[in-house]
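K.L.:
Counting from 952, one number per residue, gives the positions in the sequence shown under the working numbering.
We treat Cβ as the ideally placed atom computed from N, Cα and C, and that holds for glycine.
Please read through the structure below; I'll follow up with questions.
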Amino acid sequence: MGGYDQTLRPFLWRAERLYPDRELVSRTHEGIERYTYAEYADRTRQLASALEAEGIGEGDRVATFCWNHHRHAEVYFGAPGVGGQLHTINPLLPPKHVQYIVENAEDRLVFTDPSLLEALEAAYDPDAFESVERFVVMGSEVPETDLEPVVDYESFVGEGDADYEWPDLDEETPAGMCYTSGTTGKPKGVEYTQQMLWSHTMATLTPHGLGIDDSDVVMPVVPMFHVNAWGLPFSTTAAGAKHVYPGPSPDPADLASLIEEEGVTITAGVPTVWLGLLEHLEDNDVDLSSLERIVIGGAAAPESVIRRFDDLGVEVVHAWGMTETAPIGTVAHLKHDLADLPEGERDAKRAKQGLLVPGLEMKVVGDDGEEVPWDGEAFGELYVRGPWVTDSYFKRPEANESDFEGSWLKTGDIVTVDPDGYVKIVDRAKDVIKSGGEWISSQELENAIMAHDAVAEASVIGVPHEKWQERPAAFVVRAGDADPDELEADLESMIGSEYPDWWSPDAFVFVDEIPKTATGKFDKKTLREEYADESLLEAE
Ligand code: AMP
């Protein structure tokens, strides 16, 4: 019996010893920066010892409010390595969500990028940020800011010791945290233990996970604040592969030049990013010869995108996951005995959300509480469980009652499973909208709209959109005879004062009544069925 606990530390140790000269490259505010695993490991130890000197240890949360770059990757191993918790915050969230998250998590330090200082200042509230002892700005200087106390990252790390000895940690020590907004009500915190991150990393290395190995050059375009960039910084290090970080809000031209210049073999992100790259490729001559695979997840990968990349010699690997599943749950690899299927049938399989990753279990539960057959037709809610699937939310007993059943996580995704085991999402039980990979709360928009005196009722749904996958559309019943154009302008400005631009509905439709269910709730299913194409948005 026995063995050593499952923690992240050995991944970094092995990369440093076996691949000291492999590179981590990152596009930052200062240009392209590159260094080796040997330097990465030194700097991460320095950071860790600086964190320890700051009093960070077990149970302490270290927040990051950052894009994808090497300094962020140092916090990925540094904070969990001292027993603390890496808490990535999504800087695109409405400021009041950021406040709620920092207060709920009781973050002690917040690392942020110079370009995100303004967004952090907008979210800052002395009460909500009471637990925050210091802000650390990524780079070697601190721009003008109201936040305090504040220090630049290089000075902070400069205080640390590159010979720092990592402590032994229990695998149950919380190592990470991420809030999900894919939910009704307030964002929910999911904690990842050392063991959860370890087992997720190992699963992603398998061929039926993402199959990363030491020949790979991995570029996570998925933001590092989205479920640890799908675990890629950990998996890439564990494999001894080269890291490429695209930095602050990369556009398709940035991605194309990084692929060409750094020889990227695997990249990953939501469909919107790849639609942007495909558009860029139409007018620009880009050498994609190094690129073997694009992992698309976070929203459904359109079959047309899979085909267009196939034509360019790049394999699209469609994956499904959730914040709650750390995140990778299914990957649409082709089973070896399906290799001879006609091309159309093969593509249809690859466009599904895919096969469960080794290590997890699933079941699909119908309305009657019974499991549905794997016949590709019967549908129900997907339940999953496994070593890297959470069994509870942080400080949310009511959600723990409703969203779990024993060891099973109820995903809120409605799926079919075909006889080969391929999961396909056909609907979503949760009342939220995912636009370009980011959640928008329909309920919050409804409340904001209904706060207007001239509005009697409002219902907001996600309408399919080619580029963003979904965009919000609001159905509004007026309380009097307000002029629709004026009311729309008013509502847009009310929403704009509280929420980021991208939350604002693309269409306001003034209707006499909103369909209701037998129990008097807004019947969004009917609305969605009625407006299941983009014509509504195009008409605007
Ligand atoms: P998040 O927790 O923000 O990662 O969101 C997880 C949710 O995003 C899932 O429960 C799905 O509703 C949706 N999702 C993730 N991946 C996919 C995918 N490949 N296809 C369709 N929906 C997806």
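From the DSSP output, read off the bridge partner residues of Leu-1060.
P.N.:
Val-1013, Arg-1085
K.L.:
For Phe-1345, name the three-state secondary structure that DSSP assigns.
P.N.:
coil
K.L.:
Our contact map puts Ser-1241 next to Thr-1216 with C-beta atoms below 8 Å; I'd like the distance itself, whole angstroms only.
P.N.:
6 Å
K.L.:
Put Glu-1054 into one of helix, strand or coil per three-state DSSP.
P.N.:
For Glu-1054, the three-state secondary structure derived from DSSP is helix.
K.L.:
Please state whether DSSP places Ser-1358 in a helix, a strand or coil.
P.N.:
coil
K.L.:
Tell me whether His-1269 counts as near the ligand AMP, meaning its Cβ is closer than 7 Å to at least one heavy atom of that ligand.
P.N.:
yes
K.L.:
Between Met-1128 and the ligand AMP, is there a pair consisting of the residue's CB and a ligand heavy atom that are separated by less than 7 Å?
P.N.:
no
K.L.:
Could you say which of Val-1088, His-1416, Ile-1052, Met-1313 lies nearest to Glu-1081 if we only look at CA atoms?
P.N.:
Ile-1052
K.L.:
With a Cβ-Cβ cutoff of 8 Å, do Thr-1135 and Asp-1474 count as a contact?
P.N.:
No, Cβ-Cβ distance for Thr-1135 and Asp-1474 is not below 8 Å.
K.L.:
Does the contact criterion of 3 or more C-beta pairs under 8 Å hold for the stretch 986-1001 versus the stretch 1167-1180?
P.N.:
no
K.L.:
Please work out which residues of its chain come closer than 8 Å, Cβ to Cβ, to Leu-1428, disregarding the five sequence neighbours upstream and downstream, and give them in chain order.
P.N.:
Just to set this straight, residue 1428 is Val in the shown sequence, not Leu. Here the set comprises Val-1406, Ala-1407, Glu-1408, Ala-1409, Phe-1461, Val-1462, Asp-1463, Glu-1464, Ile-1465.
K.L.:
In terms of residue numbering, what span does the beta strand (DSSP E) encompassing Asp-1378 cover?
P.N.:
From DSSP, the beta strand (DSSP E) with Asp-1378 extends over 1374-1379.
K.L.:
By alpha-carbon positions, which one of Pro-1174, Glu-1254, Ala-1190, Ser-1186 ends up nearest to Val-1221?
P.N.:
Pro-1174
K.L.:
With a threshold of 16 other CB atoms inside 10 Å of the CB of Lys-1346, please say whether the residue is buried or exposed.
P.N.:
exposed
K.L.:
Determine the direct distance from the alpha carbon of Val-1026 to that of Gly-1010, and round the result to whole angstroms.
P.N.:
16 Å
K.L.:
Taking 8 Å as the cut-off, decide whether the C-beta atoms of Ala-1207 and Val-1168 are in contact.
P.N.:
no
K.L.:
Quick one: Cα of Glu-1481 to Cα of Ala-1458, how far?
P.N.:
For Glu-1481 and Ala-1458, the distance between alpha carbons rounds to 15 Å.
K.L.:
Determine the closest residue to Val-1335 out of Val-1316, Thr-1155, Pro-1197, Ala-1433, with distance taken between C-alpha atoms.
P.N.:
Nearest option by C-alpha distance: Val-1316.
K.L.:
For Ala-1030, which residues from the same chain have a beta carbon less than 6 Å from its beta carbon, with the 5 sequence-adjacent residues on both sides left out?
P.N.:
The answer, listed in chain order, is Val-1013, Leu-1037.
K.L.:
Please tell me whether Gly-1280 and Leu-1307 are closer than 8 Å, where the distance is taken between their beta carbons.
P.N.:
yes
K.L.:
Return the first residue and the last residue of the beta strand (DSSP E) that Thr-987 is part of.
P.N.:
982-987
K.L.:
I'd like to confirm something about Ile-1376: is its beta-carbon nearer than 7 Å to some heavy atom of the ligand AMP, or not?
P.N.:
A heavy atom of the ligand AMP is found nearer than 7 Å to the CB of Ile-1376.
K.L.:
Report buried or exposed for Glu-1439, applying the criterion of at least 16 other Cβ atoms within 10 angstroms of its Cβ.
P.N.:
buried
K.L.:
If we call anything under 8 Å between Cβ atoms a contact, is Val-1374 one with Thr-1276?
P.N.:
no
K.L.:
Tell me the DSSP secondary structure of Thr-1187 in three-state form.
P.N.:
helix
K.L.:
Suppose you measure from the CA of Gly-1264 to the CA of Arg-1301; what does that come to, to the nearest Å?
P.N.:
15 Å
K.L.:
Does Asn-1398 pass the burial test, meaning 16 or more other C-beta atoms within 10 Å, or should it be called exposed?
P.N.:
exposed
K.L.:
Is it the case that the CB of Thr-1477 approaches a heavy atom of the ligand ATP more closely than 7 Å?
P.N.:
Only the ligand AMP can be found as ligands here, which leaves the ligand ATP out of the picture.
K.L.:
Does DSSP put Val-1108 in a helix, in a strand, or in coil?
P.N.:
helix
K.L.:
Using three-state DSSP, classify Tyr-1130 as helix, strand or coil.
P.N.:
strand
K.L.:
Spatial neighbours of Pro-1324 within its chain, please: CB distance less than 7 Å, with the 5 preceding and 5 following residues excluded, ordered by chain position.
P.N.:
none
K.L.:
Considering just the uninterrupted stretch of the alpha helix (DSSP H) at Met-1175, what are its terminal residues?
P.N.:
From DSSP, Met-1175 is part of no alpha helix (DSSP H); its letter is neither H nor E.
K.L.:
Can you tell me the Cα-Cα spacing of Ala-1290 and Arg-1297, whole angstroms?
P.N.:
8 Å
K.L.:
Could you pull out every residue in the same chain whose Cβ sits closer than 7 Å to the Cβ of Ser-1358, ignoring the five residues on either side in sequence?
P.N.:
Arg-1336, Asp-1342
K.L.:
How many angstroms separate the CA atom of Pro-1045 from the CA atom of Glu-1449?
P.N.:
7 Å
K.L.:
With three or more beta-carbon pairs closer than 8 Å as the criterion, would you say the stretch 1062-1069 touches the stretch 1092-1105?
P.N.:
yes
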